[in-house]
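Going by my numbering, the sequence shown opens with residue -15, and the numbers climb by one from there.
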Amino acid sequence: MGRAVPAVVRALDILELFLDGETLTAPEITARLGLPRTTVHELVHTLCDRHYLSTVPDRPGHFRLGMRVFQLGGVFAGQLDLAREGQAVASEVAARCDETVHVAVLEGTEVVYVAKVDSTQPVRMVSAVGRRLPAHCTAVGKLLLAMLPADAFSARYPSRAALTAMTPNSITSVAALGRHLATVRADGIAYERCESNDAVACVAAPVRDHEGEVVAAMSVSVPVLRWTDESAATLTAVVRDGADALSARLGHRPTRPRA
């Protein structure tokens, strides 16, 4: 692998500051990245000139993502069958259970939500496509981590690594996470109760591609006030069916047992 180009890395660091949808000024960018003021001004000017950033008309001195990013994202989304098919199947699953449905992929030690459909109920989980969360705190993340080869898991989580706690219920040690994932792997299903949000419970199932590899996970998220043994059993069946339907759209064909 070649050497990273510092100027390109800095430009990308600037763009990634805008992933949460906020607008920023050059001084704010300078403060967040710790870069020289002149460097930030030069990079921001270049990004604006190439339409990766644009000024905010009613907020002088503020910048936001530009049209070129939208165009690139559109091309990417058009090529990513998972996002498109995931959104379609998530809509079907949400219509069946009227709870919030997500499809997520694993990036390093985080999950990224690539599709989402909201519940229509007044009390529901609030989230967004593109959101990232620590994988060990979510049902989708634990499902995806459980399916990793042992060496890939160890590379992400050295034995002495500290795990972020999002709530008092979050798993905080690699050893405890490993034990939990063994159960997830055996069951082929993952649960999370108040580990990423102290008011939400989730259940997740694996999504496989045409080669049978787990490429994503689908989850149903429920306010804990609606999470009971009966609803958990129902939603487990619903999310399994949904994940299987999405897998089929991606070309997966389950192996039939020999007669």
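Ideal Cβ positions, reconstructed from N, Cα and C, are used throughout, including at glycine.
Asked, Found
"Selected residue, minimal CA-CA separation from residue 11, among -14, -4, 21, -9", "21"
"Same chain, Cβ closer than 7 Å to residue 81, five either side skipped, listed in chain order", "204, 219, 222"
"Cβ-Cβ distance between residue 128 and residue 95 below 9 Å", "yes"
"Alpha carbon of residue 24 to alpha carbon of residue -12, nearest angstrom", "19 Å"
"Inter-residue Cα distance where the pair is residue 243 and residue -6", "Because residue 243 carries a pLDDT of 37, less than 50, the predicted location of this residue cannot be relied on, and no value is offered for it."
"Contact check, residue 28 vs residue 47, beta carbons under 9 Å", "yes"
"Outcome for residue 200 when other beta-carbon atoms lying within 10 angstroms are tallied against a minimum of 16", "buried"
"Residue 69 burial status per 10 Å Cβ neighbour count (16 or more: buried)", "buried"
"DSSP-derived helix/strand/coil call for residue 86", "strand"
"Separation of residue 185 from residue 207, as counted between CA atoms", "6 Å"
"Residues of its chain near residue -3, where Cβ-Cβ distance is below 6 Å and the 5 sequence neighbours each way are ignored", "17"
"C-alpha distance - residue 117 paired with residue 171, whole-angstrom precision", "23 Å"
"CA-to-CA distance, residue 84 to residue 188, given in whole angstroms", "12 Å"
"Rounded straight-line distance, which links the Cα of residue 35 to that of residue 79", "39 Å"
"Unbroken stretches of the beta strand (DSSP E), 3 residues or longer, contained in the stretch 148 to 206", "174 to 177, 184 to 192"
"Cα-Cα separation between residue 92 and residue 30, rounded to whole angstroms", "30 Å"
"Residue -9 beta carbon near the ligand ADP (any heavy atom closer than 8 Å)", "No copy of the ligand ADP occurs in the structure displayed, which carries no ligand at all."
"Counted within 10 angstroms of its Cβ, other Cβ atoms place residue 114 as buried (16 or more) or exposed", "exposed"
"Helix, strand or coil at residue 25 according to DSSP, with G and I counted as helix", "helix"
"Residue span of the alpha helix (DSSP H) that contains residue 138, given as start and end", "134 to 140"
"Closest residue to residue 97 among 52, 124, 73 (Cα-Cα distance)", "124"
"Residues that residue 47 bridges to, as DSSP identifies them", "8, 39"
"Cβ neighbours of residue 14 in the same chain (closer than 7 Å, five flanking residues each side left out)", "21, 24"
"Rounded separation between residue 157 and residue 149 - CA only", "10 Å"
"Backbone secondary structure at residue 118 - three-state DSSP", "strand"
"Whether residue 139 touches residue 166 by CB criterion (9 Å)", "no"
"Buried or exposed (CB count within 10 angstroms, at least 16 for buried), residue 192", "buried"
"For residue 53, three-class secondary structure by DSSP", "helix"
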